[in-house]
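Numbering (our numbering), first residue to last: 866 to 1076.
As structure tokens, this is what we get:
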């Protein structure tokens, strides 16, 4: 299939992994919208103590509403600790029982899919956005972005960086401070810069994972 570049918006080029300009009115205004929602989210009051009947607080509901307004889709019982940072928000899709600790950054210039029961330590960064390594081409302005996909039951340790176009398989663990430059298969532990497999894990019973 031949893609006619001139018929695509810069946003469509970005999502298609093609060189694009981020300075258009459409993309600039969408980033401004995200910044405003992030300002509200990051300055929202912390949850109040739960009541005796176990019900959540109004403050918790405020954060949930802001997450749903900012992100593309949000699973049940998902939680993100402020501060949180992203470019657009709508390209981020998180599953059930997702938890991100403080200072998570997702440069979502392309789609980022995060599965169920995924845990992020503090300062985890996901970078779909990238630039040409040729300084002449880079100076012309266009940039690139490639999707990132994280499976179910993944744990990403604090300070880890996930680079553009990466897929992380179900059940894997990324050691703290790792830089993930290649796809990670299911049920392994990787660590280091660049991250390498240091241990293979046994796949558990799927029904036990969902309990």
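Even glycine gets a Cβ: it sits at the ideal position worked out from N, Cα and C.
Thinking C-beta only, is residue j closer than 7 Å to residue i?
{"i": "residue 1049", "j": "residue 1026", "result": "no"}
{"i": "residue 947", "j": "residue 995", "result": "no"}
{"i": "residue 1000", "j": "residue 976", "result": "no"}
{"i": "residue 986", "j": "residue 959", "result": "no"}
{"i": "residue 1040", "j": "residue 1056", "result": "yes"}
{"i": "residue 943", "j": "residue 967", "result": "no"}
{"i": "residue 834", "j": "residue 883", "result": "In the structure as shown, the chain starts at 866 and stops at 1076, and residue 834 therefore has no counterpart that could be examined."}
{"i": "residue 952", "j": "residue 896", "result": "yes"}
{"i": "residue 1066", "j": "residue 1020", "result": "no"}
{"i": "residue 934", "j": "residue 902", "result": "yes"}
Under the rule that 16 or more other beta-carbon atoms within 10 Å means buried, what is residue i, buried or exposed?
{"i": "residue 945", "result": "buried"}
{"i": "residue 973", "result": "buried"}
{"i": "residue 1003", "result": "exposed"}
{"i": "residue 1059", "result": "exposed"}
{"i": "residue 982", "result": "buried"}
{"i": "residue 894", "result": "exposed"}
{"i": "residue 911", "result": "exposed"}
{"i": "residue 1038", "result": "buried"}
{"i": "residue 918", "result": "Here the model assigns residue 918 a pLDDT of 49, short of 50, so the residue's position is not dependable, and the following value carries that caveat. The residue is exposed, with fewer than 16 neighbouring Cβ atoms inside 10 Å."}
{"i": "residue 1064", "result": "exposed"}
{"i": "residue 928", "result": "buried"}
{"i": "residue 1022", "result": "buried"}
{"i": "residue 881", "result": "exposed"}
{"i": "residue 993", "result": "buried"}
{"i": "residue 998", "result": "exposed"}
{"i": "residue 1078", "result": "Here the chain comprises residues numbered 866 to 1076, so residue 1078 is not present and cannot be evaluated."}
What did DSSP end up calling residue i once you bin it into helix, strand or coil?
{"i": "residue 887", "result": "coil"}
{"i": "residue 873", "result": "coil"}
{"i": "residue 894", "result": "helix"}
{"i": "residue 1047", "result": "coil"}
{"i": "residue 907", "result": "helix"}
{"i": "residue 1009", "result": "strand"}
{"i": "residue 1041", "result": "coil"}
With a cut-off of 8 Å on the beta carbons, I'd call residue i and residue j a contact; round off their distance for me.
{"i": "residue 1016", "j": "residue 1033", "result": "6 Å"}
{"i": "residue 937", "j": "residue 956", "result": "6 Å"}
{"i": "residue 906", "j": "residue 873", "result": "About 31 Å separates the two Cβ atoms, so there is no contact after all."}
{"i": "residue 1070", "j": "residue 1024", "result": "Contact doesn't hold; Cβ gap of about 31 Å is too wide."}
Task: Inside the region 924 to 1005 only - alpha helix (DSSP H) runs reaching at least 4 residues - done: 1000 to 1004
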